[in-house]
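Okay, so the sequence shown: first residue is 5 according to our numbering, each after it adds one. For every residue, glycine included, the Cβ atom is placed at its ideal position computed from N, Cα and C. Contents: one structure, followed by commentary.
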Amino acid sequence: MANRKLGERFKLVVSLIFLLSLYACVSTSTRDSAPAGGSVSTGLPDDAIPRQEPRSRYGNGPYYQVFGETYKVLDSSYDYQERGVASWYGKKFHGRKTSNQEDYDMYAMTAAHKSLPLPTYVRVRNLSNNKSIVVRVNDRGPFVDNRLIDLSYSAALKLDMIQSGTSLVEVTAISYDQAPRVSSPPVQVKAREERSQENIFVQVGAFGEAENARRRIALVRSSGLGPAFVHQDNNSSPRLYRIRIGPISDVLEYDSIVAKLQRLGITETHLVTE
5 MANRKLGERF
15 KLVVSLIFLL
25 SLYACVSTST
35 RDSAPAGGSV
45 STGLPDDAIP
55 RQEPRSRYGN
65 GPYYQVFGET
75 YKVLDSSYDY
85 QERGVASWYG
95 KKFHGRKTSN
105 QEDYDMYAMT
115 AAHKSLPLPT
125 YVRVRNLSNN
135 KSIVVRVNDR
145 GPFVDNRLID
155 LSYSAALKLD
165 MIQSGTSLVE
175 VTAISYDQAP
185 RVSSPPVQVK
195 AREERSQENI
205 FVQVGAFGEA
215 ENARRRIALV
225 RSSGLGPAFV
235 HQDNNSSPRL
245 YRIRIGPISD
255 VLEYDSIVAK
265 LQRLGITETH
275 LVTE
């Protein structure tokens, strides 16, 4: 019985440490700042070097709450890829504990993510200029609407997004996790592709029936959200009709579109590129 109580107390202490670190990391870039001089005096650091690491004892859920919202930590980083908005955090949090109890270093190539296991290595590609970096996710956040990942100051500097504060990005896990129901797959590292400037769209639905697609695009257009169009995907089985808005140019336009869609009751959106 004594051992059981001791174990419960230990779990409580670990949970409290995790929650305190989460609240320490809640940030928005607009209230943060760059180091004095606005640069890295010793030059930009190299990208993080992916390697297989054990899961951290801290910050890996499986569930946690921030500001009354419940978040689930993914069981695996395998095959993870998502597009969204990146922000950055810097001097305000430099030296504080991250969610896995490491010291946050704004000059290191690290990042915060709400659901990827800690640690996870990811490639982050800036969709506006095609610059690409590799960072190590060791923190939780950003707990702000429409934000996908929070980058360290140096990582944001290498993506050329310090001045804007945010950027539309693609995040791809460099995963050492096994694929579901596969005994020993190779390490999954999606290679970077050199691409020309891409158009970015907000996808607001994918329908198997053309009539459902017509209803959705009529709702979108009648609300002044445009240009909106139907992308007919003949490569999927069954055929899908994808409703898209755009192309869009920046984060401000993306945030405005998402806010209007939410007022229409449309909460499932995705960034796609062509």
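- [ ] Going by DSSP, name the residue or residues bridged to Gly88.
- [x] Val173
TODO: Report yes or no: do three or more beta-carbon pairs, one from the region 60-70 and one from the region 100-108, lie closer than 8 Å?
DONE: yes
- [ ] With a 10 Å radius around its C-beta and 16 neighbouring C-beta atoms as the bar for buried, classify Asp107 as buried or exposed.
- [x] exposed
Open item on the list: So, under 8 Å CB-CB, Ser91 and Pro49 are touching, yes? Tell me the CB distance rounded to an integer number of Å.
Closed with: Not really, about 19 Å apart at Cβ, beyond 8 Å.
TODO: Have a look at Ser31 and Ile247 and give me their C-alpha separation to the nearest angstrom.
DONE: Legend: pLDDT at Ser31 = 45, less than 50; position of this residue unreliable, value from coordinates given subsequently. The straight-line gap from Cα to Cα measures roughly 33 Å.
Open item on the list: Quick check: what's the CA-CA separation for Leu275 versus Ile204?
Closed with: 7 Å
- [ ] Could you tell me the boundaries of the alpha helix (DSSP H) in which Val224 lies?
- [x] 214-226
Open item on the list: When you measure from the CB of Lys76 to every non-hydrogen atom of the ligand COA, does any distance come out below 7 Å?
Closed with: Absence of the ligand COA is noted for the structure shown, with no ligands found whatsoever.
- [ ] Below 8 Å CB to CB, which residues in the same chain sit around Ser158 once its five sequence neighbours on both sides are set aside?
- [x] Val44, Leu48, Pro49, Met110, Tyr111, Ala112, Met113
Open item on the list: Going by DSSP, what residue range makes up the alpha helix (DSSP H) through Ile4?
Closed with: The requested residue 4 is not part of the displayed model; the chain covers only 5 to 278.
Task: Under 8 Å between C-beta atoms of Tyr75 and Tyr84 - done: no
Task: Environment of Glu213 [buried if 16+ CB atoms lie within 10 Å] - done: exposed
- [ ] Identify, in the order they occur along the chain, each residue of the same chain with its Cβ nearer than 8 Å to the Cβ of Gly88, setting aside the five sequence neighbours on each side.
- [x] Asn150, Arg151, Leu152, Ile153, Leu172, Val173, Val175, Leu275
Open item on the list: Please return the same chain residues whose Cβ sits closer than 8 Å to the Cβ of Arg196, not counting the five positions on each side in sequence.
Closed with: Low confidence applies to Arg196: its pLDDT is 46, below 50, so where it sits in the model is not reliable, and the reading given next is rough at best. Result list for Arg196: Arg127, Arg129, Ser136, in chain order.
Open item on the list: Using only the alpha-carbon positions, how far apart do Phe97 and Leu131 sit?
Closed with: 26 Å
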